[in-house]
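Residue numbers (the working numbering): 107 to 268.
We put the beta carbon where it would ideally sit given N, CA and C, even for glycine.
Okay, here's the thing in structure tokens:
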């Protein structure tokens, strides 16, 4: 990273109140649950739930989205790909990979790989094109290893707020 630029840590550094956490838990159970219902369950006003939810979204703590099953939408090939790259290109590679529409997840790691990504492709041919024509042409990518998903056994976004 550039000298003087703050390093993102993945944590906001700001407090999340107990009420915020309870709102998050309700939305994790059902992201379409009306604010009026959440407010009634928590014993607060609908305006308070709406304002706190909007603040959590603005702060990047909460994202309410529709999660789909790619296989049920016609995508036939999912894979986790480990990437080894040149040390001085790590951040650039991660940012470039994150721009590809096939990539749903990018994480910089410690261990055998510098970066792990998850991809969703139409089929084997689409995965091959992604690997050969996109991923492996990025400057700084030294080596990749692809782990093709045979069956998704669990995918959960309901880990709670502790």
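- Looking at 123, 122, 121 and 145, the one whose alpha-carbon comes closest to that of residue 132 is 145.
- Rounded to whole angstroms, the separation of the alpha carbons of residue 159 and residue 166 is 11 Å.
- Per DSSP, the continuous beta strand (DSSP E) segment holding residue 190 begins and ends at 183-191.
- In the three-state DSSP reduction, residue 234 falls in the helix class (H, G or I).
- For residue 214, the three-state secondary structure derived from DSSP is strand.
- Looking only at 231, 218 and 214, the smallest Cα-Cα distance to residue 224 is reached by 214.
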